[in-house]
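Since the structure comes first, as structure tokens, the remarks are kept for the end.
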Amino acid sequence: MKRLSYKALFLISIIIGAASCTNQNATAPCDEWNALAVEMKTVMDQIKANYESETLFLKRLGESQVYWLQYKERHMKMLYPEGYDITRRKYGEETFNPCKCKELTRLFKLRVDELKVFRDGPRKGQEECPTFNNI
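For the sequence shown, the positions run 1169 to 1303 when our numbering is used.
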């Protein structure tokens, strides 16, 4: 069930991003965010392939991703309490809000970097720090 929840939240996140960006010039922040969402999925798939025999690790990774997605949603609701929907109503028509996509881009960059540690190994200068790769 949790695996389904993670996938559902992730897909909803990608769909919202893709559907919300309609103006070519104004959508650069959303385009970057969408690319990071795809990269995150790719990195997750690679981690799952690399650690397919480590079921407990993969379970905890999935839980971590669900909690991260929940954090992202709550963080965006805190920043935009009027409603978290990448677009807003202005003068009766949909208007693109690049600030929300910029914040999502920032959050996704951080998460992708965190996940890459499990795919690529510890960051430079953190070789002594515990990660699944060097325990």
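Even for Gly, the Cβ is constructed at its ideal location relative to N, Cα and C.
task = Please report how far the alpha carbon of GLU1296 lies from the alpha carbon of PHE1286, in whole angstroms.
result = 14 angstroms
task = Mind reading off the beta-carbon distance from LYS1216 to LEU1224? Whole number of angstroms is fine, and I expect it under 8 angstroms.
result = Going by Cβ atoms, the distance from LYS1216 to LEU1224 rounds to 13 angstroms, so no, they are not a contact pair.
ask   = Which value, in whole angstroms, describes the spacing of the CA atoms of PRO1290 and THR1273?
value = 23 angstroms
C-alpha distance - GLY1293 paired with ASP1281, whole-angstrom precision = 15 angstroms
ask   = Taking DSSP as the reference, what is the three-state secondary structure of LYS1216?
value = helix
message = Please identify the residue among GLU1271, ARG1228, HIS1243 whose C-alpha is closest to the C-alpha of ASP1199.
response = GLU1271
Opening and closing residue of the alpha helix (DSSP H) in which SER1221 lies = Taken as a continuous stretch (DSSP letters only), SER1221 belongs to no alpha helix (DSSP H), as it is neither H nor E.
ask   = Secondary structure at ARG1291, three-state DSSP: helix, strand or coil?
value = coil
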